[in-house]
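First residue of the sequence shown: 95, per the working numbering; consecutive thereafter.
Some notes on the structure that comes next.
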Amino acid sequence: MTTRFKKHRKKRGHVSAGHGRIGKHRKHPGGRGNAGGLHHHRILFDKYHPGYFGKVGMRHFHKLRNKFYCPVVNIDKLWSLVPQETKVKASKDNVPLIDVTQFGYFKVLGKGVLPQDQPVVVKAKLVSKIAEKKIKETGGAVVLGRGIDVLMKRIEGGAGGS
95 MTTRFKKHRK KRGHVSAGHG RIGKHRKHPG GRGNAGGLHH HRILFDKYHP
145 GYFGKVGMRH FHKLRNKFYC PVVNIDKLWS LVPQETKVKA SKDNVPLIDV
195 TQFGYFKVLG KGVLPQDQPV VVKAKLVSKI AEKKIKETGG AVVLGRGIDV
245 LMKRIEGGAG GS
């Protein structure tokens, strides 16, 4: 901004330039930044930032996040993972298999509903109780982990157990 438009031009000739004679415009009268959160600015911190100070929970040293990697998908999104041609062929006899691990999900959660008249077989590493209940209510099944390999062998090799 050019000098002639600055507010200071209007303040010329007025001694304190709008900052008052008594308080004076000093550098950092309350301290810099978040200074005084436990002392002279305590009311503000307690009012607008409750829980800012202190600790909560337990520490986990050298946390390797790979162990906790578990992307989730809800059952209301399961049917959208099925390809269109499979949806067209699907019926009570021709049940589609949805392997959520192929889409990058590990766990199936129970939000939403599945199509009532269409059973599905869901393969996942983990499934919540509510999701399993809803899948079975539609006449479908849940296969955990590598169990699908055994199931497929049974289907291909006939009714004999492995």
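Here a beta-carbon is modelled for each residue, glycine too, at the ideal position from N, C-alpha and C.
Contact set for residue i: own chain, Cβ-Cβ below 8 angstroms, skip 5 residues either direction
i, result
"LEU175", "VAL167, ILE192, VAL194 and PHE197"
"LYS105", "ALA111 and GLY112"
"TYR146", "GLY131 and PHE139"
"PRO209", "TRP173 and THR232"
"LEU220", "CYS164, PHE200, LYS201, VAL202 and LEU238"
DSSP beta-bridge partners of residue i
i, result
"LYS161", "DSSP output for LYS161 lists no bridge partner at all."
"ALA225", "DSSP lists no partner for ALA225."
"ILE192", "VAL216"
"VAL166", "LYS201"
"VAL236", "VAL216"
Local Cβ density within 10 Å of residue i, reported as buried at 16 or more and exposed below that
i, result
"GLU179", "exposed"
"ILE238", "For the record, residue 238 in the displayed sequence is Leu; it is not Ile. Label assigned to LEU238: exposed."
"GLU231", "exposed"
"LYS228", "buried"
"PRO123", "exposed"
"VAL150", "exposed"
"VAL109", "exposed"
"GLY234", "buried"
"ALA129", "exposed"
Residues near residue i in its chain [Cβ-Cβ closer than 6 angstroms; skip 5 each side]
i, result
"HIS143", "none"
"ALA218", "VAL194 and VAL202"
"ASP187", "none"
"MET95", "none"
"LYS223", "none"
"GLU226", "VAL236"
Cutoff 7 angstroms; reference residue i; Cβ partners in own chain excluding five residues on either side
i, result
"ASP170", "LYS205, GLY206 and VAL207"
"ALA184", "PRO190 and GLN212"
For the structure I just gave you, are there three or more beta carbon pairs, one from the segment 201-208 and one from the segment 180-187, closer than 8 angstroms?
No: the two stretches stay apart, fewer than three of their Cβ pairs being nearer than 8 angstroms.
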